[in-house]
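A.B. asks:
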Amino acid sequence: MSNLYDIDSGSLTLSSLRSFPTTPLVKLGSSFDKVKDYLARFQGIPDLLELDHLTVSGDVWFGKDVSLKGTVIIIANHGDRIDIPPGTILENKIVSGNLRILDHFFGILSTH
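All residue numbers for the sequence shown refer to the working numbering, where the first residue is 1 and numbers rise by one.
1. If you compare alpha carbons, which of Asp59, Asp33, Leu54 and Asn77 is closest to Ser67?
2. Mapping the DSSP letters down to three states, classify Ile64 as helix, strand or coil.
3. At the level of alpha carbons, what is the spacing between Val56 and Phe32?
4. Since Leu49 is in the alpha helix (DSSP H), which residue starts that stretch and which ends it?
5. Alpha carbon to alpha carbon, how far is Ile94 from Met1? Give it in angstroms, no decimals.
6. Taking 7 Å as the cut-off, decide whether the C-beta atoms of Phe62 and Ile84 are in contact.
7. DSSP three-state call for Lys27: helix, strand or coil?
8. Going along the chain, which residues of its own chain have a beta-carbon closer than 7 Å to the beta-carbon of Phe106, five neighbours each way excluded?
9. Rank Gly29, Leu51 and Leu39 by C-alpha distance to the C-alpha of Pro21 and give the top, closest one.
See the structure below:
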């Protein structure tokens, strides 16, 4: 569950930790239309307590422990992908283009 809300006597209420009493404006592109696709794009639920506005368009994927604050706009170019790495804090940022972060393992080469 998002940290934007608390459960109070079986009802959702806006978190008392939020600085202002409004919910953020969130606009997600067509890559997030289907629940299955939406869930696959998040390794964990982002921290949204300080978020005012979020716009996401294109092939965008979120790692674990991502924090979104202020106004965040993420736009992947057509045919490109943006990976938001685990632990990233985006505050009042525009991310556009492509950003791929891949694990790279170095093997030890030996010759006999």
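Beta carbons are placed, not taken as given, at the ideal position from N, Cα and C, and that holds for glycine.
Being a predicted model, the structure only gives us computed values, none of them experimental.
C.D. replies: Looking at the coordinates:
1. Ranking the options by Cα distance to Ser67, first place goes to Leu54.
2. Going by the sequence as given, residue 64 is Lys instead of Ile. Three-state result, Lys64: coil.
3. So the two alpha carbons sit approximately 9 Å from each other.
4. Counting along the chain, Leu49 sits inside no alpha helix (DSSP H), nor does DSSP assign it H or E at all.
5. One alpha carbon belongs to Met1, the other to Ile94, and they sit about 25 Å apart.
6. Less than 7 Å separates the beta-carbon of Phe62 from that of Ile84.
7. Look at Lys27 here: in three-state DSSP terms it is strand.
8. Low local confidence applies: a pLDDT of 49 at Phe106 is under 50, so the model's placement there is unreliable, with the coordinate-based value given in what follows. Hits under 7 Å: none found.
9. For the residues Gly29, Leu51 and Leu39, the minimum Cα distance to Pro21 belongs to Leu51.
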